[in-house]
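The next block holds one structure in the form of structure tokens; read it before the comments.
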Amino acid sequence: MYKAFFGLISNPFNLSPDPAFLYRSPHHEEALANLIYGVQSRKGFILLTGEVGTGKTMMLECLRDHLDSHQIPFAFIFNSRLTADQFFEMMAYDLDLPCTRTSKTEVLIALNTMLLERANQNKTTVLIVDEGQNLEWEVLEEIRLLGNLENRRGKLLQIIISGQPELDEKLDRDEYRQLRQRIALRCRLRPFTESETAEYVGTRLAKSGLRDQHILPPHILARIHRGTEGIPRLINSVCDNLLLTSYAMESPVVTEQMYEEVARDLRLESNRQVLGPGNQPSLHSAGK
16 MYKAFFGLIS NPFNLSPDPA FLYRSPHHEE ALANLIYGVQ SRKGFILLTG EVGTGKTMML
76 ECLRDHLDSH QIPFAFIFNS RLTADQFFEM MAYDLDLPCT RTSKTEVLIA LNTMLLERAN
136 QNKTTVLIVD EGQNLEWEVL EEIRLLGNLE NRRGKLLQII ISGQPELDEK LDRDEYRQLR
196 QRIALRCRLR PFTESETAEY VGTRLAKSGL RDQHILPPHI LARIHRGTEG IPRLINSVCD
256 NLLLTSYAME SPVVTEQMYE EVARDLRLES NRQVLGPGNQ PSLHSAGK
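The numbering of the sequence shown is this note's numbering, which starts it at 16 and goes up by one.
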């Protein structure tokens with residue numbers, strides 16, 4: 016709705032993880048580099064963790080683009096609430112294994128054959144598991160056993176497990192020590208600093224066609240950072256609402272009143288603390 020008003024060619028704050036809008040903060044740059052290095056070096060197990068909304072899915076999307084561009088086959092398990100049988104079925108489907116996909120034995124035989132053939136050509140294969148904090152012990156144990164497939168040059172299957180900090184806590188338990196010891200690389204995403212938040216917003220607006228960012232003044236960007244605590248997904252949601260409100264009020268610049276209104280609508284905790292009880296602005300947001 017607001018693209019023409021601000022001279023934008025695309026939505027800068029879409030919540031979908033689009034690698035074209037990747038902002039390379041130091042943590043995100045390091046995480047992506049480690050993921051790619053781990054795959055290329057055949058390290059085996061790689062762990063990617065971070066709070067909700069910090070960009071884990073974006074990192075996985077960027078990795079998938081890299082794998083596609085290098086013709087490296089991969090299985091992507093996006094629903095982690097699976098039984099062991101369902102896990103093998105999904106993996107076989109993604110890798111297009113020539114077997115009865117409901118048979119664990121046949122899946123393992125076909126997988127081992129594929130991995131050996133690719134290893135003989137000096138190629139590798141990747142398994143990506145998202146939302147790893149939800150994995151049951153039985154499934155994690157099956158994933159650990161897949162890490163035993165190796166030759167003298169390294170692991171035949173590169174396994175990337177992504178999840179929230181609860182995944183780290185789970186792996187710290189004694190019953191998961193065998194899997195924990197196999198993790199060769201750990202990547203941890205953290206929220207943005209205040210300067211990174213401003214750069215992130217400016218980068219997304221520039222990639223959408225607005226190179227001279229003037230819609231969100233510095234004091235509004237500072238409040239966005241405090242209200243979202245530097246979480247990229249929340250920043251996107253707040254900024255999208257702010258641009259919509261600014262468009263509805265025909266204002267080329269976001270004001271304090273607009274921010275307070277949007278922050279209240281989105282239940283930003285720090286905003287409620289700033290405003291205090293009995294001092295909330297009236298609601299007339301364009302987003303409602």
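Yeah, the Cβ is synthetic: ideal placement off N, Cα and C, and Gly gets one too. It should be emphasised that the depicted structure is a prediction, and the values quoted were computed from it without experimental measurement.
Simplified DSSP assignment, three categories, for residue i
i	result
G22	coil
L258	helix
G217	helix
N49	helix
G224	coil
L30	coil
N149	helix
E165	strand
R39	coil
Q203	Reading off the sequence shown, one finds Arg at residue 203, where the question assumed Gln. Strand, per DSSP.
P247	helix
V253	helix
L283	coil
S210	helix
D187	coil
E265	coil
V289	Confidence is the limiting factor: at V289 the pLDDT is only 41, short of 50, which leaves the residue's position unreliable, though a coordinate-based value still follows. DSSP places V289 in helix when its eight states are reduced to three.
N- and C-terminal bounds of the beta strand (DSSP E) containing residue i
i	result
I239	Where I239 is concerned, there is no enclosing beta strand (DSSP E), although the alpha helix (DSSP H) it sits in stretches over P233 to T243.
I143	T140 to V144
I176	L172 to G178
Check: residue i C-beta below 7 Å from any heavy atom of the ligand SAM
i	result
N137	The ligand SAM is not among the ligands present in this structure, which contains no ligands whatsoever.
Close-in-space but distant-in-sequence residues of the same chain around residue i (CB under 6 Å, 5 per side omitted)
i	result
R57	T139, G169 and K170
I176	L62, V144 and G147
M129	none
A90	M106, D109, L110 and L142
L30	N251
Burial state of residue i (16 or more Cβ within 10 Å)
i	result
S252	buried
T212	buried
V240	Rather than Val, the amino acid found at residue 240 in this sequence is His. H240 should be labelled buried.
L231	buried
I124	exposed
R238	buried
R192	exposed
A134	buried
N94	exposed
M16	exposed
L131	exposed
Q55	exposed
L160	exposed
S261	buried
Residue i, enclosing alpha helix (DSSP H) - first and last residue
i	result
R197	R192 to R197
A278	E271 to D280
I158	W152 to L161
Chain-order list of residues whose beta-carbon lies under 7 Å from that of residue i (same chain, five-residue window excluded)
i	result
L23	S223, G224 and L225
P180	T64 and E66
L82	F89 and V141
F21	L225, I230 and L258
R96	N149
8 Å Cβ shell around residue i - same chain, five flanking residues per side excluded
i	result
S266	M273
S84	none
R79	F89, F91 and I143
Self-check item: Every unbroken beta strand (DSSP E) inside the region 54-134 [3 residues or more]
Solution: Runs found: 60-65 and 89-92.
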